[in-house]
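Participant:
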Amino acid sequence: MNEIHIHEGELNIMELLWSNKVLAAKDIAKIIKEYIGWEKNTTYTVIKRLIDKGAIKRENPGFLCKAAISKRTIQNTETNALITRYYNGSLNKFLTEYLKNQRLTVSEILELERIISEQKH
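The sequence shown begins at 192 in this note's numbering and counts up by one.
1) Could you please give the first and the last residue of the uninterrupted alpha helix (DSSP H) stretch that includes Leu282?
2) With a Cβ-Cβ cutoff of 9 Å, do Ile238 and Ile227 count as a contact?
3) Let me know the alpha helix (DSSP H) ranges lying completely inside the region 222–289, each 4 residues or longer, listed in chain order.
4) Which first and last residues belong to the alpha helix (DSSP H) in which Leu295 is found?
5) Please list, in chain order, all residues of the same chain as Trp209 whose beta carbon is under 6 Å from its beta carbon, the five residues on each side excluded.
6) Would you kindly work out how many angstroms separate the C-alpha atoms of Asn283 and His198, rounded to a whole number?
7) Relative to the C-alpha of Lys230, which residue among Lys217, His196, Ile274 and Met205 is closest?
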């Protein structure tokens with residue numbers, strides 16, 4: 192299966208589906224109109240694009256939509272793309288640069304240490 196890349200506008204619709212499991216396209220359009228201001232046709236075009244990509248499954252009757260890919264899968268795909276694009280694919284460079292500029296709490300540091308410790312085994 193090819194990686195599915197989700198753009199910002201598409202992500203709005205996917206977030207709705209990840210939160211609600213199944214929504215009719217007309218309900219997605221109403222919610223998106225209220226929060227983002229898109230017209231129904233724009234939302235339907237984006238839904239169709241997501242169906243074509245394999246990110247959404249459509250069920251009839253009622254043009255019911257549900258996510259065909261998990262949020263975690265999309266997060267991993269987009270994170271890997273970001274690391275490849277900006278850090279030449281080096282997770283170490285990304286983590287080093289990112290963490291240098293963060294104020295981590297003690298609990299966050301302990302969690303990172305735990306994860307690194309697990310990787311050693």
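Glycine included, each C-beta is placed from N, C-alpha and C at the ideal position.
Keep in mind it's a predicted model, so treat the numbers as computed, not measured.
Facilitator: In short:
1) Leu282 to Lys291
2) Not closer than 9 Å, so no.
3) 231–244 and 262–278
4) Looking at the DSSP string, Leu295 is not in any alpha helix (DSSP H), and its letter there is neither H nor E.
5) Result list for Trp209: Ala258 and Lys262, in chain order.
6) 26 Å
7) The residue you asked about is not Lys; residue 230 is Glu in the sequence shown. Looking at the Cα atoms, Lys217 is the closest of the given residues.
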